[in-house]
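Numbering (the UniProt record's numbering), first residue to last: 1 to 350. Positions of the beta carbon are idealized from the N, C-alpha and C atoms, including for glycine.
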């Protein structure tokens with residue numbers, strides 16, 4: 001079928017179960033394709049579909065090519081033209097140039113772009129960095145909703161949780177004590193399973209970042225392990241450490257390492273470098289520490305977890321912040337799922 005006919009079929013789709021018009025592409029995309037159908041049709045070279053190997057084609061078929069009633073409606077070349085028009089809109093020269101670069105395989109776009117370009121929800125970004133809105137029920141569940149909405153649109157997530165109070169910490173509102181990170185992260189784990197990326201295209205992907213001074217660090221390191229009680233595990237999440245230089249110095253010299261609760265020792269996740277070291281050591285001197293271990297004991301627990309599970313990822317807080325051009329905005333608290341994006345995020349800014 002010519003590309004304009006395919007796009008018309010995708011736009012005209014009616015859900016047979018409820019009779020509602022449920023367009024799979026946007027009206028804007030359809031109008032552009034129809035208005036330029038001769039140029040776009042003649043630009044498509046269908047023989048390029050045969051350059052995919054079997055595995056590549058089956059991957060496209062399973063997740064990327066749009067379907068009508070479970071039947072594939074797009075050929076790979078249609079998908080690439082949809083993506084090109086979705087990006088460039090009515091700049092047809094640029095759309096055709098991009099189509100040729102994609103179909104000749106000079107480069108490809110990220111999965112969310114291939115999934116969503118030209119549709120009614122054109123969310124094209126792969127990676128989102130978040131931090132907890134607040135150490136409260138409202139903050140935790142507002143952040144959870146944010147994660148679910150991002151995952152729905154095929155985004156991967158890096159989430160900083162170092163501000164969440166530790167196990168046993170006092171909760172003023174209820175006169176009770178916190179259950180700590182593990183039960184909270186199990187809720188996030190189940191959300192990642194439920195809200196998969198783009199509706200059963202691939203599993204939700206959340207990377208959870210924690211600083212190694214947090215009291216729950218040892219339990220955190222066990223979360224992805226294959227053995228142990230189910231209620232102490234969150235195996236569908238990915239885990240990462242946001243490590244200050246002070247920890248590595250103490251590992252090298254085999255000194256003590258103090259574990260703290262961010263509710264009792266606030267601000268540690270908001271500072272880095274010398275400022276962090278001063279604040280951390282002042283809390284040690286004030287006796288606000290909840291547990292003292294040998295730095296190398298924690299180091300070996302990290303290595304053991306990496307050996308068994310491949311996580312946690314190791315990123316270095318002071319190096320990331322020292323090299324950042326966003327120091328004027330504040331302290332960077334995490335990276336992303338793939339650890340290559342290091343950007344400022346706050347409770348008001350994704």
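Given a cut-off of 8 Å on the beta-carbon distance, is the pair residue i and residue j in contact?
{"i": "residue 223", "j": "residue 314", "result": "no"}
{"i": "residue 205", "j": "residue 157", "result": "yes"}
{"i": "residue 213", "j": "residue 259", "result": "yes"}
{"i": "residue 358", "j": "residue 165", "result": "With the chain covering 1 to 350 only, the question about residue 358 has no answer from this structure."}
{"i": "residue 9", "j": "residue 95", "result": "no"}
{"i": "residue 152", "j": "residue 187", "result": "no"}
{"i": "residue 347", "j": "residue 131", "result": "yes"}
{"i": "residue 236", "j": "residue 179", "result": "no"}
{"i": "residue 238", "j": "residue 311", "result": "yes"}
{"i": "residue 111", "j": "residue 125", "result": "no"}
{"i": "residue 14", "j": "residue 22", "result": "yes"}
{"i": "residue 101", "j": "residue 162", "result": "no"}
{"i": "residue 185", "j": "residue 290", "result": "no"}
Please tell me whether, using a cut-off of 7 Å, the distance from the CB of residue i to the nearest non-hydrogen atom of the ligand GDP is below it.
{"i": "residue 170", "result": "Summarising the ligand content, the structure contains no ligands, and the ligand GDP is consequently not present."}
Tell me the rounded alpha-carbon separation between residue i and residue j.
{"i": "residue 137", "j": "residue 307", "result": "34 Å"}
{"i": "residue 219", "j": "residue 182", "result": "7 Å"}
{"i": "residue 63", "j": "residue 113", "result": "12 Å"}
{"i": "residue 160", "j": "residue 292", "result": "23 Å"}
{"i": "residue 49", "j": "residue 75", "result": "7 Å"}
{"i": "residue 168", "j": "residue 232", "result": "16 Å"}
{"i": "residue 65", "j": "residue 249", "result": "51 Å"}
{"i": "residue 316", "j": "residue 174", "result": "36 Å"}
{"i": "residue 37", "j": "residue 92", "result": "10 Å"}
{"i": "residue 24", "j": "residue 88", "result": "18 Å"}
{"i": "residue 107", "j": "residue 7", "result": "24 Å"}
{"i": "residue 279", "j": "residue 60", "result": "51 Å"}
{"i": "residue 329", "j": "residue 282", "result": "25 Å"}
{"i": "residue 5", "j": "residue 16", "result": "20 Å"}
{"i": "residue 58", "j": "residue 71", "result": "13 Å"}
{"i": "residue 119", "j": "residue 11", "result": "9 Å"}
{"i": "residue 285", "j": "residue 339", "result": "34 Å"}
{"i": "residue 1", "j": "residue 135", "result": "55 Å"}
{"i": "residue 207", "j": "residue 234", "result": "12 Å"}
{"i": "residue 55", "j": "residue 20", "result": "35 Å"}
{"i": "residue 142", "j": "residue 53", "result": "43 Å"}
{"i": "residue 265", "j": "residue 86", "result": "49 Å"}
Go through its chain and collect everything with a Cβ distance to residue i's Cβ below 7 Å, but skip five positions before and after it.
{"i": "residue 228", "result": "222"}
{"i": "residue 251", "result": "295, 296, 299"}
{"i": "residue 309", "result": "224, 225"}
{"i": "residue 99", "result": "43, 80, 81, 84"}
{"i": "residue 67", "result": "73"}
{"i": "residue 90", "result": "32"}
{"i": "residue 121", "result": "153"}
{"i": "residue 344", "result": "326, 329, 330, 332"}
{"i": "residue 301", "result": "218, 221"}
{"i": "residue 267", "result": "279"}
Per DSSP, which residues does residue i bridge with? Please list them.
{"i": "residue 315", "result": "242"}
{"i": "residue 257", "result": "293"}
{"i": "residue 349", "result": "346"}
{"i": "residue 72", "result": "67"}
{"i": "residue 129", "result": "158"}
{"i": "residue 176", "result": "171"}
{"i": "residue 214", "result": "260"}
{"i": "residue 206", "result": "157"}
{"i": "residue 14", "result": "21"}
Quick one: what's got a C-beta closer than 8 Å to residue i's C-beta in the same chain, skipping five residues either side?
{"i": "residue 128", "result": "150, 155, 156, 157, 158, 336, 350"}
{"i": "residue 51", "result": "105"}
{"i": "residue 145", "result": "none"}
{"i": "residue 287", "result": "none"}
{"i": "residue 321", "result": "272, 273, 327, 331, 332"}
{"i": "residue 256", "result": "250, 292, 293, 294, 295"}
{"i": "residue 123", "result": "112, 116, 153, 154, 155"}
{"i": "residue 254", "result": "294, 295, 296"}
{"i": "residue 243", "result": "211, 212, 314, 315, 316, 317"}
Quick one: what's got a C-beta closer than 6 Å to residue i's C-beta in the same chain, skipping five residues either side?
{"i": "residue 46", "result": "77"}
{"i": "residue 245", "result": "318"}
{"i": "residue 305", "result": "221"}
{"i": "residue 230", "result": "none"}
{"i": "residue 193", "result": "236"}
Segment contact flag, the region 42 to 49 with the region 20 to 33, C-beta cutoff 8 Å, min 3 pairs: By the criterion of at least three beta-carbon pairs nearer than 8 Å, the region 42 to 49 is not in contact with the region 20 to 33.
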